[in-house]
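Below is one structure, written out as structure tokens, with a few remarks after it.
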Amino acid sequence: MSDSSNVSERSERSESSDLSALHLGDAAHATGMPTYRALYERIREGILSGKLAPSSRLPSTRALASELGVARGTVEAAYERLVAEGFVIGRGAAGSRVNPQLSAARLDAAAKVLTSDAGRRKGVGANVPNSAPTSAPNSAALPPSVSARTKDSPPAPGPTAESPSHVPLSAHGTPMPLQNGMPAFDEFPRKLWARLAARHARHLPSDALSYQDAAGIAPLREAIAGYLAIARGIHCDPAQVIVTTGFQGALALITRVLLQPGDAVWCEDPGYFRAHEALRMAGAALVPVPVDNDGLDVAEGERRAPNARLAVITPSHQSPLSVALPLERRLALLAWAQANQAWIVEDDYDSEFRYTGAPLPALKSLDGGERVLYAGSFGKVLFPGLRLGYLVVPPELCNAFIAATALLSPVHGWIEQATVTDFMTQGHFSRHIRRMRQLYGERRAALADALRQHLGGRIELAQQAGGMHLLGWIEPHRNDRAVSRAAHPHGLAPGALSYFRIERELPPALVMSFTNVPVASADDVAKRLARAFDDDEKFRLV
Numbered sequence: 005m006s007d008s009s010n011v012s013e014r015s016e017r018s019e020s021s022d023l024s025a026l027h028l029g030d031a032a033h034a035t036g037m038p039t040y041r042a043l044y045e046r047i048r049e050g051i052l053s054g055k056l057a058p059s060s061r062l063p064s065t066r067a068l069a070s071e072l073g074v075a076r077g078t079v080e081a082a083y084e085r086l087v088a089e090g091f092v093i094g095r096g097a098a099g100s101r102v103n104p105q106l107s108a109a110r111l112d113a114a115a116k117v118l119t120s121d122a123g124r125r126k127g128v129g130a131n132v133p134n135s136a137p138t139s140a141p142n143s144a145a146l147p148p149s150v151s152a153r154t155k156d157s158p159p160a161p162g163p164t165a166e167s168p169s170h171v172p173l174s175a176h177g178t179p180m181p182l183q184n185g186m187p188a189f190d191e192f193p194r195k196l197w198a199r200l201a202a203r204h205a206r207h208l209p210s211d212a213l214s215y216q217d218a219a220g221i222a223p224l225r226e227a228i229a230g231y232l233a234i235a236r237g238i239h240c241d242p243a244q245v246i247v248t249t250g251f252q253g254a255l256a257l258i259t260r261v262l263l264q265p266g267d268a269v270w271c272e273d274p275g276y277f278r279a280h281e282a283l284r285m286a287g288a289a290l291v292p293v294p295v296d297n298d299g300l301d302v303a304e305g306e307r308r309a310p311n312a313r314l315a316v317i318t319p320s321h322q323s324p325l326s327v328a329l330p331l332e333r334r335l336a337l338l339a340w341a342q343a344n345q346a347w348i349v350e351d352d353y354d355s356e357f358r359y360t361g362a363p364l365p366a367l368k369s370l371d372g373g374e375r376v377l378y379a380g381s382f383g384k385v386l387f388p389g390l391r392l393g394y395l396v397v398p399p400e401l402c403n404a405f406i407a408a409t410a411l412l413s414p415v416h417g418w419i420e421q422a423t424v425t426d427f428m429t430q431g432h433f434s435r436h437i438r439r440m441r442q443l444y445g446e447r448r449a450a451l452a453d454a455l456r457q458h459l460g461g462r463i464e465l466a467q468q469a470g471g472m473h474l475l476g477w478i479e480p481h482r483n484d485r486a487v488s489r490a491a492h493p494h495g496l497a498p499g500a501l502s503y504f505r506i507e508r509e510l511p512p513a514l515v516m517s518f519t520n521v522p523v524a525s526a527d528d529v530a531k532r533l534a535r536a537f538d539d540d541e542k543f544r545l546v
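Residues in the sequence shown are numbered from 5 upward in steps of one, following the working numbering.
Right under this line is the structure:
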């Protein structure tokens, strides 16, 4: 090593915080969890305890990796998560520092939220059933937090032909360009999928012919738990994972187990309208909580309904505005739920697809008080016709949810679940996500450029870090629903932002998926949308 390198490294260390009190060496060689995770948790604890003061500088990834004898990428992964959660600020060549905005009051609140019920978390596996009970529990046996309606008959949620989510399909059943919620069917590995499914069909075991565990087959639940630990920072026992029929199925199950008719539920405004419909059908009293540039306004939610039973939220990538909930609001939301014994439903919408910056960790990963129910879906990543998703429930709710699942919401058959299991455990799932992230980034850029070229001042695209759609603000004199309808004869199906509102008045905007628009088609799609704008202008003048 050169003299200049030695001087640089000595200078780097002298300016950095003293981390010796954190015993990072012990964390680096801990067993039972990934090394990056152990480092992340130890540094986070140091920040929460005040051992690392706001604005203090952290060692460079190179220096800390050398000191601990671990790979530099391991330290980078720990730092990236701390940055994503807002505990650390990354400043490029200037290095990483503890977030200077972390006041003593905020740190104290964060420590209470993130470390409560730690003992209960350690014993998850011993108290969670591995299979569904033979019958539903009676209301007297349920935890006080569970609705007695668990043993009742299920609701029948779902869009009708009059639902704003209803969009006409082409004659061959192929979704239209710009239609939301549709992944790139043209790039799905169909041959691989067919081969995996065919193998299970040819070698169907005898137990696959019998009734399956209503919560999902064990290998799939284990694969989901493993994926969530690596990709979303959620560490749960596979027995906490319930395989569902997608987010709608998960929400229907949640409302049956946790809600009584008339219970108040915080809903994002604007927010996912199918969730609003399902909650209304369950008899919930919707409490619209406005969404701003920092996501759900938690303080406003507390003002409107401090004793709400539930909050349904998309914190990592808000639907449809695509903003992310920052650390301060995440901690405030968790503190509210903990103080009021309320529940949070985290819809981890489109979290896999982020094109600038590191993916944000799940809200559930911060949930020391076990108040978050985490819902994910395979529909956006693979294909919606699969109708499979998953729900991670707190340990104390496992019995009630598994019993309700056995009665209300059986999932698909063994072959579909076994195929997804193989797709995940053989590495195809992670590779597919990486491929789609690259592909969608290219399609996103191509469609955005084409829209700017052909619609000029008639549409202004919002700045978004991720997701599967573009949000385009249109001229204030237009009606976004009218423009959406005018696009249908041109073979396009953009959504209207106004469909997502509950009570809040919003400027008109279009919600346009780019995932099913190949780069070569972007120019043509933009031209057709421009003609739809022309048609809308003519209709308004008639």
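Note that beta-carbon positions come from the ideal geometry of N, C-alpha and C, so glycine has one too.
Note that the structure is a prediction, hence the values are computed from the model and not measured.
Sheet register partners of residue i (DSSP bridge)
i    : result
H473 : S517
S100 : G94
A500 : L514
R41  : The partner list for R41 (beta bridge, DSSP) is empty, contrary to what the question assumes.
E350 : I317, Y378
R358 : G470
L465 : G476
Helix, strand or coil at residue i according to DSSP, with G and I counted as helix
i    : result
R508 : coil
L62  : coil
P223 : helix
T248 : strand
D156 : Legend: pLDDT at D156 = 40, less than 50; position of this residue unreliable, no value from coordinates given.
L56  : coil
D241 : coil
R199 : helix
R236 : coil
T78  : helix
Y231 : helix
H204 : helix
A256 : helix
H481 : coil
N184 : coil
F189 : helix
L106 : coil
Nonlocal neighbours in the same chain, by C-beta distance under 8 angstroms from residue i, ignoring five residues either side
i    : result
P172 : Reliability of the predicted coordinates at P172 is poor, the pLDDT of 44 falling under 50, and the value obtained from them is presented with this limitation in mind. If we look at P172 and ignore the five residues flanking it on each side, its Cβ neighbours are M180, H492, A497.
V269 : L263, L283, A288, A289, L290, V291, A312, R313, L314, A315, V316
E191 : R439, M440, L443
F387 : P187, F189, F192
Cutoff 8 angstroms: residue i Cβ touching any chain C Cβ
i    : result
R236 : Note that chain C does not occur in the displayed structure, where there is just one protein chain.
Close beta carbons around residue i, own chain, < 6 angstroms, minus the five adjacent residues each side
i    : result
R236 : A366
A500 : D484, R485, S488
G287 : P265
A490 : A536, D539, D540
T78  : T39, Y40
A3   : For residue 3 there is no data in the structure shown, the boundaries of the chain being 5 and 546.
A336 : V302
E464 : W477
L182 : L496, A497, P498, M516, S517
P104 : P58, S59
A341 : I348, R375
G94  : V87, S100
A309 : A268, V291
Other residues of its chain near residue i: CB distance less than 7 angstroms, five sequence neighbours each side excluded
i    : result
L86  : Y44, I47, R48, V92
R532 : H494, G495, L496
R76  : T65, R66, A69
K368 : I238, E350, V376, Y378, V396
E509 : none
Distance cut-off 7 angstroms: residue i Cβ against heavy atoms of the ligand MG
i    : result
C271 : Questions concerning the ligand MG fall outside what the structure shown contains, since it holds no ligand whatsoever.
Inspect the CB distances between the segment 234 to 247 and the segment 389 to 404 and report whether three or more fall short of 8 angstroms.
yes
Looking at C-beta atoms only, is the number of pairs between the segment 224 to 240 and the segment 442 to 462 that lie closer than 8 angstroms three or more?
no
In chain order, what are the residue ranges of uninterrupted alpha helix (DSSP H) at least 4 long that sit wholly in the segment 363 to 449?
402 to 412, 418 to 429
Check whether the segment 471 to 485 touches the segment 253 to 264, taking contact to mean three or more Cβ pairs, one atom from each stretch, closer than 8 angstroms.
no
Could you give the uninterrupted runs of the beta strand (DSSP E) lying entirely in the segment 260 to 331, keeping only those of 3 residues or more?
268 to 273, 289 to 296, 314 to 317
Are the segment 74 to 82 and the segment 41 to 50 in contact at 8 angstroms, needing three or more beta carbon pairs?
yes
Three or more C-beta pairs closer than 8 angstroms, one from the segment 439 to 448 and one from the segment 520 to 527: is that the case here?
yes
Do the segment 415 to 425 and the segment 271 to 282 touch if we need at least three Cβ pairs shorter than 8 angstroms?
no
Is it a yes or a no for the segment 282 to 299 touching the segment 328 to 338, going by three-plus beta-carbon pairs under 8 angstroms?
yes
Does the segment 312 to 326 come into contact with the segment 348 to 363, if we say contact requires no fewer than three beta-carbon pairs (one atom in each stretch) closer than 8 angstroms?
yes
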